[in-house]
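A short write-up of the structure that comes next.
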Amino acid sequence: METPQRQLADPQTLARISRLELRARVVMEGVISGMHKSPHRGSSVEFAQHRDYVPGDEIRHIDWKVYARTDRYHIKQFEEETNLRAMLLLDTSTSMDYKGKNSPLNKREYAAVVSASIASLLLKQRDPTGLATFDSGINQFIPPASTSAHLRLLLETLERKESKPKTDLSTTFHDLAERIKRRGMVIVLSDLFSDPTEILRGLQHFRYRKHEVILFHILDRDELTFPFQETTVFEGMEGELPLTADPNALRTEYLRVFQEYAEQLKRGCRELSMDYQQLPTDEPIDTALSQYLARRSHRG
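Heads up, this note's numbering is the position in the sequence shown plus 8, with the first residue counted as 1.
Written out as structure tokens, the structure reads:
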């Protein structure tokens, strides 16, 4: 199934989340904008420059003296006001191609729509946003930017369909942490099918680099509930041999192991002060994102 750009930047999804600000809760480095705190203090609060007013800017930051001279609205910017720099890390491995019968999109397509929606929101906030895709290693790496043409580049990259099996997620995260030089927000979208202990070690590297981390765990409802009834041939999507089994004999143990795995990820993220959010692919994206961002906003 091809996922066109108009679907990746779904208007309904963007409309639902457009009034919510995706803000960093930890101090960020940057250079302009005024939405996020900077680690700099002292003389850094001094006036730096003006920029044109855009709808949504706070009126209290308008320089009325400049308006009196030019009849145009300009915003005062200060050294402490900084852009959030965000990197979206998208899993494009073959396991992300799974699609249950009750899901409108496979996991990869769902994650691509989520990525496009978040990128659109951040770029609307003038926050530079980048994208990296990975499977057996890093595929595409697009550094953060905030130009008008940048969203199109991100969408074109999100639409690409090449994939390979995942190898070591931890190694991939370590590699990405070394490539993302400036402190910012890292947003991971993956089904996270790997050893949770190793995953958390890789994610810890981002925290060591002072990044804020959001982990979107992309899952099909089948993976959460194991609804299969008849004797089924289970085919591995990343090179594993097919297995014929009676799912009724496996369900209890599967759900127990899966719950332990998910709880280990949640607990590890909590201990590392990272957001963990499951996103089942049968859940409407606009609802899932707007609810998550609203909860995040209320937490401050």
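Each residue gets a CB set at the ideal place from its N, CA and C atoms; glycine is no exception.
Residues of its chain near residue i, where Cβ-Cβ distance is below 7 Å and the 5 sequence neighbours each way are ignored
| i | result |
| --- | --- |
| Q299 | none |
| P151 | G138 |
| S111 | D228, R229, T289 and D290 |
| I187 | The question names Ile, yet the displayed sequence has Arg at residue 187. Excluding positions up to five away in sequence, the list reads F149. |
| R116 | T100, M104 and D105 |
| L209 | First, the amino acid is wrong: residue 209 is Arg here, not Leu. If we look at R209 and ignore the five residues flanking it on each side, its Cβ neighbours are S178. |
| R259 | F234 |
| I146 | A140, T180, D183 and L184 |
DSSP three-state assignment for residue i, whether helix, strand or coil
| i | result |
| --- | --- |
| M36 | Confidence is the limiting factor: at M36 the pLDDT is only 31, short of 50, which leaves the residue's position unreliable, though a coordinate-based value still follows. Looking at M36 - three-state DSSP - the assignment turns out to be coil, as it is neither helix nor strand. |
| A155 | Reading off the sequence, residue 155 comes out as Thr, not Ala. Of the three classes helix, strand and coil, the one that applies to T155 here is coil, per DSSP. |
| P292 | coil |
| V196 | strand |
| F181 | helix |
| E66 | coil |
| T147 | Checking the sequence, you will find Asn at residue 147 rather than Thr. Three-state result, N147: strand. |
| T175 | coil |
| G138 | strand |
| Y106 | coil |
| H306 | helix |
| E220 | strand |
| K132 | helix |
| Q212 | helix |
| K73 | helix |
| Y81 | coil |
| Q286 | strand |
| R168 | coil |
| R190 | coil |
| D203 | coil |
| R59 | strand |
| L92 | coil |
| D230 | helix |
CB-CB length for residue i against residue j, believed under 8 Å
| i | j | result |
| --- | --- | --- |
| L97 | I195 | 7 Å |
| M193 | L92 | 6 Å |
| Q20 | D290 | Not confirmed; about 16 Å, so no contact. |
| L223 | C277 | 6 Å |
| K172 | S101 | 6 Å |
| I207 | L273 | 7 Å |
| L263 | F236 | Not confirmed; about 12 Å, so no contact. |
| D135 | A76 | Between A76 and D135 the Cβ distance is about 31 Å, and since that is not below 8 Å, they are no contact. |
| P204 | Y269 | 6 Å |
| T141 | T180 | Their Cβ separation, rounded to whole angstroms, is 11 Å, which puts T141 and T180 out of contact at 8 Å. |
Residue i vs residue j beta-carbon contact at 9 Å
| i | j | result |
| --- | --- | --- |
| K174 | S103 | yes |
| D18 | K107 | no |
| Q148 | L139 | yes |
| L211 | L280 | yes |
| L200 | H225 | yes |
| A257 | F214 | no |
| D65 | R80 | no |
| S156 | D176 | no |
Same chain, Cβ closer than 8 Å to residue i, five either side skipped, listed in chain order
| i | result |
| --- | --- |
| P292 | none |
| S154 | N91, L131, R134, D135, P136 and T137 |
| D71 | H58, H82, I83 and K84 |
| L161 | I150 |
Nonlocal neighbours in the same chain, by C-beta distance under 6 Å from residue i, ignoring five residues either side
| i | result |
| --- | --- |
| V74 | H82 |
| H69 | I83 and K84 |
| R307 | none |
Within-9 Å CB hit, residue i to chain D
| i | result |
| --- | --- |
| H69 | Considering every chain present, this structure includes no chain D. It has just one protein chain. |
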